[in-house]
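Heads up: the sequence lines are chains A and B, in that order.
Residues 1 to 190 in the UniProt record's numbering are what the first sequence spells out, letter by letter.
Residues 1 to 428 in the UniProt record's numbering are what the second sequence spells out, letter by letter.
All C-beta atoms in this analysis are idealised placements derived from N, C-alpha and C, irrespective of residue type, glycine included.
Have a look at the structure below before the remarks.
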Amino acid sequence: MKTKYLIIAFVITALLQAAVPLKMIYDSEMTEKHGTEYRFRTTPIDPTDPFRGKYITLDFEAEAVTTQDTTWVRNEKVYASLGKDSLGFATITNVSREKPSDKTDYVATKVGYYYGRDLHIDLPFERFYMEESKAYEAETAYREYNLAAVKFMPAYAIVAVKDGNAVLKNVIIDGIPMKEYVLKQREKSK
Amino acid sequence: MGSIQKELSELVANNVITVTTAKDIENYYALKKEPQGNALLTIFGSLGAILVGLGIILIFAHNWDTFSQTTKTLLALLPLFVFQGLTAYCIVKEKSSLWKDASGILLFFAIGSSMALVAQIYNIPGDVSSFLFSWIILGMPLVYILRSNTLAFLQIIFATYYAVEAGYFNPERPWPYLFFIAALLPFYVKQIKTTPESNGVSIFNWLLPLSGIISLGAFLKGGNEWSLSILIYIAFACLLYNIGMLPYFRDRKTRRNGYLCLGLVTIVTLLLTTSFRWFWEEIVYRESPAPVLVGWGVLIALGLGIAYYTKRGKYGINPFQAVTFIFPVIFFVGMADTFIPVILINVLILALGVGCIKQGINKVDFKVLNFGMVMISTLIICRFFDTSGSFVIKGLLFVAVGVGFFATNYILIKKKKNNPVNSATHEN
């Protein structure tokens, strides 16, 4: 009798435990497969997470909009509408507290800080996880590339966006994915 | 076991106890010893499971970028499903607590590793504290379903980790920590009631106050300076000490009473900190945020309530419990003057130390005696640094304390020799 209740309780717990990663997978898959792609100009740096491993933090050029509204509070939930500039890179066209009602793509995110009429937001895809040996090399490779490149092509992140959800698909440096760029640099230095 | 048999045969030989009594005693210890091996196995089983769980997380954290996304996703879910299956099997087959502990721990870490790997695959952001939050919530029911002490300990440790991450390294106050601890309390109370003498309860008795001491600081911010934090920390330490003085804890061995020990050490450390004049000179009294003041009020009220409750019992109130209301009075005196509180605090520490020494000698208890001696010598060492007295006087004071250490311990050894029965009755 008692075991029966325990089993029921456990089944509910187990379903919840499985539901969280499955929901994460489903949302990300849907966004990745059916979302619109945006390219965000970025600068990478490399930190570590105790559970999820090494990643490079991306510092985006497009993360601020000018606004007269001064009432923004840190960590406040906001929606950033996206657009593209003349070169095809992503820009933030508007930040609001309500979901955009028109068809424009947007990402759900948080307010970073407000300073001198510029509202800075924390874009919700600033972590790009990499294999542990490559994350640090990626950072140094980018720094060197940034200094030495003759024909500079900006590094950018490819982000799929759908219904406010955003999935960071890849980071491109000198026209190729970050991972391949790191491998290429390794080949060169041999 | 061997030593007991030796003692018993000696007692029988000298006609102190009868042969039947000796047999009864032997049987009693034989029965009592039985679960020992099992307990050891549980400890190593749990430790093994914790290491395996952490190992899985580390292996995943490597980020195997040669695998395809689909393979990685399946790998992420695999440990979760495997250990859920194992745990379900243990519940259905009503396996021993050893099995339940081990499978529960593996499942607990699998929850974390699956979320971590999925986040890694899809570059899902979020700081460590929000990650820990989901993890603790999803693991909490397992404590009750599997009735596992080890899982409860892991939950306390992770809740503390959460409070530190969310509170010290982020601007928020880690309120969910209180919820996590509250969610574990029914389990703890049940363990106290069913197995009061178990090692599990002892570990709880240490882990909970320690977690509280570490996490409290994470709540103390927002425009207030650290002098107010000391006021609140002393209130909290007094509350811990008062809990340790509850008859249930007091009647048990000191090493089982983490509330008393941690409370005592925290109280004395903080009192010594406030015995310096600069502490009172640097206090800036600003308006404090309401939640902090309310929290302080609650701590003081609880501490005093328990002190009053224990006073009604057979013990009466002791000087360390009295710090609960003495310190706030001194603190408020300190708002007007910087000299009086320094004197009062020094007198207070001296009185507490002398009280300990007196009690230690009366009850022939070396622990209490030497705790008092350590308090007084630390007080003198502190004054050595901030008082501009003559070196001769300071030197004589040190000699006096050193001689005091020898003398009091010598008196106690002599007293113990003269009256061996009396000395066996104390633990505290």
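Can you list, in chain order, the residues of its chain with a C-beta nearer than 6 angstroms to that of residue i? Leave out the 5 residues immediately preceding and following it.
i                      : result
residue 183 of chain B : 140
residue 425 of chain B : Unreliable positioning characterises residue 425 of chain B in this predicted model, as indicated by a pLDDT of 41, which lies under 50. The coordinate reading is nonetheless provided below. Hits under 6 angstroms: none found.
residue 440 of chain B : Since the displayed chain B opens at 1 and closes at 428, residue 440 of chain B lies outside it and no answer follows.
residue 336 of chain B : none
residue 64 of chain A  : 118, 120
residue 104 of chain A : 81
residue 428 of chain B : Model confidence at residue 428 of chain B stands at a pLDDT of 39, short of 50, so the residue's coordinates are unreliable; what they give is reported in the following sentence. Once the five neighbours on either side are set aside, the close Cβ partners of residue 428 of chain B are 254.
residue 43 of chain A  : 59
residue 146 of chain B : 100, 104
CB-CB under 7 angstroms to residue i, same chain, minus the five flanking residues each way: which ones, in chain order?
i                      : result
residue 175 of chain A : 153
residue 271 of chain B : 345, 348, 349
residue 182 of chain A : 134, 137, 138, 141
residue 187 of chain B : 143, 144, 152
residue 408 of chain B : 357, 361, 369, 373
residue 195 of chain B : 201
residue 177 of chain B : 159, 162, 163, 215
residue 127 of chain A : 55, 57
residue 99 of chain B  : 90
residue 8 of chain B   : 22, 25, 26
residue 303 of chain B : 235, 238, 239, 242, 324
residue 423 of chain B : A caution first: residue 423 of chain B carries a pLDDT of 45, below 50, which makes its placement in the model unreliable, though a value can still be read off. Only 364, 416 meet the Cβ criterion.
residue 49 of chain A  : 55
residue 109 of chain B : 53, 54, 56, 57
Which whole-angstrom value describes the C-beta separation of residue i and residue j, a residue pair presumed to lie in contact below a C-beta threshold of 8 angstroms?
i                      : j                      : result
residue 95 of chain A  : residue 67 of chain A  : 7 angstroms
residue 334 of chain B : residue 283 of chain B : 6 angstroms
residue 40 of chain A  : residue 60 of chain A  : 5 angstroms
residue 81 of chain B  : residue 107 of chain B : Actually they do not touch by this definition, with Cβ atoms about 10 angstroms apart.
residue 113 of chain B : residue 50 of chain B  : With a Cβ gap of about 13 angstroms, residue 113 of chain B and residue 50 of chain B do not count as contacting.
residue 273 of chain B : residue 230 of chain B : 7 angstroms
residue 162 of chain A : residue 31 of chain A  : 4 angstroms
Based on the DSSP output, what are the partners of residue i in its beta bridges?
i                      : result
residue 92 of chain A  : A/82
residue 58 of chain A  : A/44
residue 77 of chain A  : A/110
residue 205 of chain B : The partner list for residue 205 of chain B (beta bridge, DSSP) is empty, contrary to what the question assumes.
residue 198 of chain A : The displayed coordinates of chain A run from 1 to 190. Any statement about residue 198 of chain A would go beyond what the structure contains.
residue 66 of chain A  : A/118
residue 256 of chain B : According to DSSP, residue 256 of chain B bridges with nothing at all.
residue 241 of chain B : According to DSSP, residue 241 of chain B bridges with nothing at all.
residue 129 of chain A : A/55
residue 49 of chain A  : A/53
residue 177 of chain A : A/172
Is it right to say residue i is buried, meaning 16 or more other beta carbons lie within 10 angstroms of its own, or is it exposed?
i                      : result
residue 124 of chain A : buried
residue 34 of chain B  : With a pLDDT of 49 at residue 34 of chain B, under the threshold of 50, the predicted position of this residue should be treated as unreliable, and no value is reported.
residue 189 of chain A : exposed
residue 233 of chain B : buried
residue 223 of chain B : Confidence in residue 223 of chain B is poor, its pLDDT being 45 and thus under 50, which makes the residue's placement too unreliable to answer from.
residue 15 of chain B  : exposed
residue 371 of chain B : buried
residue 330 of chain B : buried
residue 149 of chain B : buried
residue 185 of chain A : buried
residue 199 of chain A : In this structure chain A extends from 1 to 190, so residue 199 of chain A is not present and cannot be described.
residue 42 of chain B  : buried
residue 69 of chain A  : exposed
residue 46 of chain A  : buried
residue 332 of chain B : exposed
residue 418 of chain B : exposed
If you follow the alpha helix (DSSP H) that residue i is in, where does it begin and where does it stop?
i                      : result
residue 120 of chain A : Per DSSP, residue 120 of chain A belongs to no alpha helix (DSSP H); it is in the beta strand (DSSP E), 118 to 122.
residue 436 of chain B : What the structure shows of chain B is the stretch from 1 to 428, and residue 436 of chain B is not part of that stretch, so it cannot be assessed.
residue 82 of chain B  : 69 to 92
residue 192 of chain B : 176 to 194
residue 160 of chain B : 149 to 163
residue 101 of chain B : 97 to 121
residue 146 of chain B : 128 to 146
residue 412 of chain B : 391 to 418
residue 328 of chain B : 319 to 333
residue 355 of chain B : 339 to 362
residue 279 of chain B : 277 to 281
residue 249 of chain B : 247 to 250
Please list, in chain order, all residues of the same chain as residue i whose beta carbon is under 8 angstroms from its beta carbon, the five residues on each side excluded.
i                      : result
residue 161 of chain B : 132
residue 205 of chain B : 249, 256, 257, 258, 259
residue 437 of chain B : What is shown of chain B runs 1 to 428, which leaves residue 437 of chain B out entirely.
residue 19 of chain B  : 12
In the DSSP assignment, find the unbroken beta strand (DSSP E) run with residue i in it and report its ends.
i                      : result
residue 170 of chain A : 165 to 173
Considering only heavy atoms of the ligand PLP, does any lie closer than 8 angstroms to the CB of residue i?
i                      : result
residue 348 of chain B : The model depicted lacks the ligand PLP and carries no ligand whatsoever.
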